[in-house]
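In the working numbering, the protein residues as written are 34 to 155.
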């Protein structure tokens, strides 16, 4: 299974970034191959719609699940309609991956932050 995680840096010891649409990187973990890749979040500096763009990029990468702390309604809807399962998790990337594998994370049924929570401020 491919899992997308918003990350503060490029390693498995990085923290889950609380800002889904504005995180600097996504770490995509393939649990079947036990490997990962890092992709920069091209939506991070956009003036609006970062959550939607970030979510669509992960759908295009073929992720089947995402783990993160905060998901606005637009990002959540984009992921959900893209067939991606959404889990709440925080801490290091390696920790949330283990929690996912052990079925210790809660699957989210709705967004948990208001619309435009991560809006780019100038």
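Just so it is clear, CB atoms sit at the ideal spot from N, CA and C, and this is done for glycine as well.
Taking 8 Å as the upper bound for CB-CB distance, residue 104 and residue 145 are in contact here, some 6 Å apart. Residue pairing from DSSP places residue 140 in a beta bridge opposite 120. With a beta-carbon spacing of about 4 Å, residue 88 and residue 111 fall inside the 8 Å limit used to define contacts. Look at residue 125 here: in three-state DSSP terms it is strand.
Here DSSP, grouped into helix, strand and coil, assigns residue 53 to coil. When DSSP states are grouped into helix, strand and coil, residue 92 belongs to the helix group.
Here residue 116 is near residue 97, since their CB atoms are less than 9 Å apart. Secondary structure at residue 78: coil, using DSSP grouped into helix, strand and coil. For residue 69, the enclosing beta strand (DSSP E) has its first and last residue at 68-73. The secondary-structure analysis by DSSP pairs residue 63 across a beta bridge with 35 and 68. Rounded to whole angstroms, the gap between the alpha carbons of residue 52 and residue 46 is 17 Å.
The beta carbon of residue 92 sits closer than 8 Å to those of 111, 112, 115, 116 and 117, all from its chain and outside the five residues before and after it, given in chain order.
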